[in-house]
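Numbering (the UniProt record's numbering), first residue to last: 1 to 82.
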């Protein structure tokens, strides 16, 4: 997810079609497909950033993500009796 966040972050600054030098805004700002690109880019950045922040916290507390065919289950391993 760090690699995805890096690519998405760089895609936000190198927008398709380039920027208008006089206005400083993207050339395709009024096009509907540019809005689809911008929204999906923002969603990808938020999702990958959330994954970067949450997954290490889950694994540090002993909660592991076990993927099954159609379900994702959060499992806490039993505490060893010492």
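All residues carry an ideal CB built from backbone N, CA and C; glycine is no exception.
Apart from the five residues just before and just after residue 25, which ones in its own chain have a Cβ nearer than 8 Å to its Cβ?
-> 19
Quick one: measure Cβ to Cβ for residue 4 and residue 44, integer angstroms, because I've assumed they're closer than 8 Å.
-> 7 Å
Length-filtered (3 minimum) beta strand (DSSP E) runs lying within the UniProt domain "PGG" (1-56) = Listed in chain order, nothing qualifies, since the UniProt domain "PGG" (1-56) has no complete beta strand (DSSP E) run of 3 or more residues.
Of the listed residues 53, 55, 46 and 22, nearest to residue 12 (C-alpha basis) | In terms of Cα proximity to residue 12, the closest of 53, 55, 46 and 22 is 46.
Shortest alpha-carbon distance to residue 16 belongs to which of 34, 54 and 53?
-> 34
Under a Cβ-count criterion, where at least 16 other Cβ atoms within 10 Å of its own Cβ denotes burial, should residue 36 be classed as buried or exposed?
-> exposed
Supposed contact pair residue 52 and residue 1 - C-beta distance, whole angstroms, cut 8 Å = 5 Å
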